[in-house]
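See structure below.
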Amino acid sequence: MQTTESLKRRMKSAGDLLSVVKTMKALAAVSIRQYQRAVDSLRDYNRTVEMGLQIVLKERMGATMHRKDTKMKRLGVIIFGSDQGLCGQLNDQISVFTLDYIKNSGVKKENRKVLSIGARVADYMEDAGQSVDELMGTPSSTAGITPLVQEIIMVIDEWHFRNNIDHFLLFYNEYVTGATYHPHMLQLLPVNMDWLTQLARKKWDSKSLPIFRMDGDRIFSSLIREYLFVSLYRAFAESLASENASRLASMQNAEKNIEEQLVELHVQFHRTRQMTITEELLDIVAGFEALQEQTG
Numbered sequence: 095m096q097t098t099e100s101l102k103r104r105m106k107s108a109g110d111l112l113s114v115v116k117t118m119k120a121l122a123a124v125s126i127r128q129y130q131r132a133v134d135s136l137r138d139y140n141r142t143v144e145m146g147l148q149i150v151l152k153e154r155m156g157a158t159m160h161r162k163d164t165k166m167k168r169l170g171v172i173i174f175g176s177d178q179g180l181c182g183q184l185n186d187q188i189s190v191f192t193l194d195y196i197k198n199s200g201v202k203k204e205n206r207k208v209l210s211i212g213a214r215v216a217d218y219m220e221d222a223g224q225s226v227d228e229l230m231g232t233p234s235s236t237a238g239i240t241p242l243v244q245e246i247i248m249v250i251d252e253w254h255f256r257n258n259i260d261h262f263l264l265f266y267n268e269y270v271t272g273a274t275y276h277p278h279m280l281q282l283l284p285v286n287m288d289w290l291t292q293l294a295r296k297k298w299d300s301k302s303l304p305i306f307r308m309d310g311d312r313i314f315s316s317l318i319r320e321y322l323f324v325s326l327y328r329a330f331a332e333s334l335a336s337e338n339a340s341r342l343a344s345m346q347n348a349e350k351n352i353e354e355q356l357v358e359l360h361v362q363f364h365r366t367r368q369m370t371i372t373e374e375l376l377d378i379v380a381g382f383e384a385l386q387e388q389t390g
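In the working numbering, the protein residues as written are 95 to 390.
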């Protein structure tokens, strides 16, 4: 049976662990809000990019809109996961989702290239038999997202021109609310033609239609680069918010388990203490009775 001293030590350890878990829980909640604010701030910027594309596409309906969708022959996969643990099934879920999709795409393994954001999701992919060609770490804050987005765009350019990759897909977890998220796929390149057609046919909000004097192809290419930036930045922010949502759920479960354990330890402590006191009282009574017998 455990002594009161050993139970005290276990209670102290559990209390210290509970304090750490509560701190991590608070940090996860703060991080979720940080990355959600980043996603919200992208909306106005994305709206500006779409308006620019809308004007260019209205002027160039023939040249741009009549391009046919190319068949997927060589596939570039960009998957977002985590470097750190304690985030539940986040990496497992996005890996399974990604692997199922690319296996059903019809593109052979030798014609796929994978860029993993996060070491843990890279391990899941390689354990499942899908090699990872490039690995990048995850940023610790929103300040680290932009440099990584620029690095990814450089990788995309290299794969496209050196390896003839014709399709690029993003796979990331999209934050929903609280501690929930779900896996999401976005076709980054080539740009979805239905979306471009919808933009071109969309009614302009005001009576005055903007004009441009620069070369249409140059403007279109520049706007597409901005579209890439917005899409990749959003994928980072959504994935990081989801990672912290998963960590928040893990910490909530851990907090509940530790609190239940502390209740049980307190019950054991009081029971053990009461038994110790009872045993001591019985020893005193037995000693007193023995003394009476000797003096009697």
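Note that beta-carbon positions come from the ideal geometry of N, C-alpha and C, so glycine has one too.
Can you check which of these residues, the options, is closest to residue i by C-alpha distance?
i, options, result
"LYS106", "LYS207, LEU359 and SER336", "LEU359"
"ARG256", "THR117, LYS102, VAL361 and ARG168", "ARG168"
"LEU264", "GLY170, ARG104, GLU204 and GLU153", "GLY170"
"SER336", "VAL190, ALA120 and HIS276", "HIS276"
"TYR269", "HIS261, LEU293 and HIS278", "HIS278"
"LYS328", "GLU99, VAL150 and TYR139", "One point to set straight first is that residue 328 is Arg, not Lys, in the sequence displayed. Minimum Cα distance to ARG328 is reached at TYR139."
"GLY175", "ILE211, ALA122, VAL190 and SER199", "ILE211"
"SER340", "SER300, THR98 and ILE126", "ILE126"
"TYR218", "GLU320, ILE188 and ILE246", "ILE188"
"SER344", "GLY179, ALA384, SER113 and TYR129", "GLY179"
"SER300", "THR372, ILE149 and THR271", "ILE149"
"ARG141", "TRP298, VAL114 and VAL215", "TRP298"
"ALA237", "LEU334, GLN368 and ARG365", "LEU334"
"SER113", "ARG214, LEU385, ALA384 and LYS350", "LYS350"
Cβ atoms of residue j and residue i: under 9 Å apart, would you say?
i, j, result
"ILE173", "TYR266", "yes"
"LEU101", "GLN355", "no"
"LEU209", "ILE318", "no"
"LEU111", "ILE352", "yes"
"ILE132", "ALA331", "First, the amino acid is wrong: residue 132 is Ala here, not Ile. Yes, they are a contact pair."
"PHE411", "VAL226", "The requested residue 411 does not occur in the structure, where the chain is confined to residues 95 to 390."
"LEU342", "ALA108", "no"
"GLU228", "VAL249", "yes"
"GLY310", "GLU144", "no"
"LEU151", "LEU293", "yes"
"TYR129", "ASN286", "no"
"LYS416", "GLN224", "Residue 416 lies beyond the residue range present for the chain, which begins at 95 and ends at 390; the question has no answer from this structure."
"THR98", "THR372", "no"
Report the CB separation of residue i from residue j in whole angstroms; it is logged as a contact under 8 Å.
i, j, result
"LYS207", "ILE239", "That pair is no contact at about 22 Å."
"GLN346", "LYS119", "7 Å"
"PHE262", "LEU283", "4 Å"
"LEU303", "ILE246", "Their Cβ separation, rounded to whole angstroms, is 35 Å, which puts LEU303 and ILE246 out of contact at 8 Å."
"ASP186", "THR232", "About 16 Å; that fails the 8 Å criterion."
"SER199", "MET230", "No, SER199 and MET230 are not in contact; Cβ-Cβ is about 23 Å, not under 8 Å."
"THR366", "GLN96", "7 Å"
Give me whichever residues DSSP pairs with residue i in a beta bridge.
i, result
"PHE363", "PHE363 is not bridged to any residue."
"LEU280", "LEU264"
"THR274", "THR271"
"MET230", "ILE211"
Next item on the list: Any chance you could list the beta strand (DSSP E) runs of at least 3 consecutive residues sitting entirely within the region 294-335, in chain order?
Entry: none
Notebook entry, point to check: Which ranges would you report for the beta strand (DSSP E) in the region 126-187 if only whole runs of at least 3 residues count?
Noted result: 169-174
Notebook entry, point to check: Could you give the uninterrupted runs of the alpha helix (DSSP H) lying entirely in the region 191-225, keeping only those of 4 residues or more?
Noted result: 213-221
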